[in-house]
Amino acid sequence: MLKDKIAVVTGGTRGIGRSIVETYLKNGAKVVLFGSRKETVDTALSEIRAKDAGWQVEGLFPKLTNAKEVEKAINSIKEKFGRIDILVNNAGISQSTPLYDYTAEEFDKAIDLNVKALFYTILPTAKIMKEQGGGCIINTSSMVSIYGQPAGVGYPTSKFAVNGMTKSLARELGPDNIRVNAVAPGVTKTDMVAALPEETVAAISSQIPLGRVGEPQDVANAFLYLASDLGSYVTGAVISVDGCARA
Ligand code: NAD
Numbered sequence: 231m232l233k234d235k236i237a238v239v240t241g242g243t244r245g246i247g248r249s250i251v252e253t254y255l256k257n258g259a260k261v262v263l264f265g266s267r268k269e270t271v272d273t274a275l276s277e278i279r280a281k282d283a284g285w286q287v288e289g290l291f292p293k294l295t296n297a298k299e300v301e302k303a304i305n306s307i308k309e310k311f312g313r314i315d316i317l318v319n320n321a322g323i324s325q326s327t328p329l330y331d332y333t334a335e336e337f338d339k340a341i342d343l344n345v346k347a348l349f350y351t352i353l354p355t356a357k358i359m360k361e362q363g364g365g366c367i368i369n370t371s372s373m374v375s376i377y378g379q380p381a382g383v384g385y386p387t388s389k390f391a392v393n394g395m396t397k398s399l400a401r402e403l404g405p406d407n408i409r410v411n412a413v414a415p416g417v418t419k420t421d422m423v424a425a426l427p428e429e430t431v432a433a434i435s436s437q438i439p440l441g442r443v444g445e446p447q448d449v450a451n452a453f454l455y456l457a458s459d460l461g462s463y464v465t466g467a468v469i470s471v472d473g474c475a476r477a
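Read left to right, the sequence shown gives residues 231 to 477 (the working numbering).
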């Protein structure tokens, strides 16, 4: 579905991002994953390559909250591969601190990585996509971007902003044949959820109409759809992949 497409996936070393990376590779894309540190990037690359030696995957670790470093990394991908067809903004941090214990620094952290870093990756990439005649940008939102969250206000605030950026850029970049969408996962079984006691996961699952938490692959499937030609007329959408959970 993505034969010979060049994709960039931030936060691609583990969790949902890792599942997106492997799903894109299985579908014929060449992928450059971004991680926060050289060690985690190297480990992820060797684990992924061990699954299929034919997969073309590389890794970089620019500081996502530094616009200049991000621009340099994006431009290096264009130089090496000639184009960028798909940009997935997946790296993100969540928060659950109650308001009265919150600090301005913690709030800034959520905004810096979950919002500003998206702008930093999108700006140089959109220029490349415009020049090559089009492309596809997919941001990772969350179900809390629709329902809010009763603690850790920086996190839902950042994800509401992700939706706003997605819908606005879809309108601005549509004429350049650049589609911009978001996926809003519900509770998904990444390391953090997998580490919870079985009873806790069962209690969460019982509140979800589909009766289970999501797997990273459930979420990656939506990223595949949006990046492929099946999503050719979809832009400005925030697709929920949450089993109808309500935060
Ligand atoms: P995770 O913690 O398993 O992975 C996060 C990824 O982001 C990692 O690859 C990590 O390297 C990267 N990252 C974190 N901080 C970074 C930094 N400062 N600089 C660069 N990279 C950094 O998380 P996940 O659960 O897979 O979440 C991925 C995305 O999905 C996030 O945007 C998150 O908000 C969103 N999401 C997750 C869930 C869930 O239940 N897991 C639900 C809704 C939305």
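Beta carbons: idealized from backbone N, C-alpha and C, even for Gly.
Cβ-heavy atom distance, residue i to the ligand NAD, below 7 Å
i                 : result
leucine 294       : yes
glycine 466       : no
glycine 384       : no
glycine 289       : no
alanine 424       : no
glycine 364       : no
aspartate 448     : no
threonine 243     : yes
aspartate 421     : yes
serine 324        : yes
isoleucine 246    : yes
proline 480       : Missing from the structure shown is residue 480; the chain here goes from 231 to 477 and no further.
threonine 370     : yes
glycine 473       : no
methionine 373    : yes
alanine 321       : yes
threonine 418     : yes
serine 266        : yes
leucine 343       : yes
glutamine 351     : The sequence shown places threonine at residue 351, not glutamine. No.
threonine 273     : no
threonine 327     : no
phenylalanine 355 : The residue you asked about is not phenylalanine; residue 355 is threonine in the sequence shown. No; taking the cut-off as 7 Å, the Cβ of threonine 355 has no heavy atom of the ligand NAD nearer than that.
phenylalanine 396 : Residue identity differs from the one stated: residue 396 is threonine in this sequence, not phenylalanine. Flag unset: Cβ of threonine 396 not near the ligand NAD.
threonine 253     : no
threonine 270     : yes
N- and C-terminal bounds of the beta strand (DSSP E) containing residue i
i                 : result
phenylalanine 264 : 260-264
Paired residues, beta bridge with residue i - DSSP
i              : result
asparagine 369 : Asn319, Ala412
threonine 240  : Phe264
threonine 418  : Gly444
Range of the contiguous alpha helix (DSSP H) that encloses residue i
i              : result
isoleucine 469 : Premise fails: isoleucine 469 lies in the beta strand (DSSP E), 468-471, not in any alpha helix (DSSP H).
leucine 232    : First-last for leucine 232: undefined, no H or E at that position.
arginine 476   : Element bounds for arginine 476: n/a, residue is neither H nor E.
leucine 403    : 384-403
tyrosine 377   : 374-377
valine 464     : That residue, valine 464, is in no alpha helix (DSSP H); it is neither H nor E in DSSP.
alanine 433    : 428-436
*Whole runs of the beta strand (DSSP E) within the stretch 302-347, excluding any shorter than 3 residues*: 316-319
*At 3 residues or longer, and completely inside the stretch 254-300: list those beta strand (DSSP E) runs for me, N to C.*
260-264, 287-290
_Sufficient close CB pairs (3 or more, under 8 Å) joining the stretch 447-466 to the stretch 398-413_ = yes
*Can you find at least 3 beta carbon pairs, one from the stretch 231-239 and one from the stretch 260-267, that sit closer than 8 Å?*
yes
*Pair every Cβ in the stretch 248-263 with every Cβ in the stretch 298-318, then say whether three or more of these pairs are closer than 8 Å.*
yes
*Cβ contact check for the stretch 348-361 and the stretch 446-462: 3 or more pairs under 8 Å*: no
*Meets three-Cβ-pair contact criterion under 8 Å: the stretch 376-396 and the stretch 434-444*: no
*Should the stretch 363-371 be regarded as contacting the stretch 291-311, the criterion being three or more beta carbon pairs within less than 8 Å?*
no
*Examine the Cβ distances between the stretch 342-354 and the stretch 275-295 and report whether three or more of them are shorter than 8 Å.*
With the cut-off at 8 Å, the stretch 342-354 and the stretch 275-295 touch.
*asked:* Would you call the stretch 408-426 in contact with the stretch 367-379, where contact means no fewer than 3 C-beta pairs closer than 8 Å?
replied: Two segments are said to touch when three or more pairs of C-beta atoms, one from each, lie closer than 8 Å; by this definition the stretch 408-426 touches the stretch 367-379.
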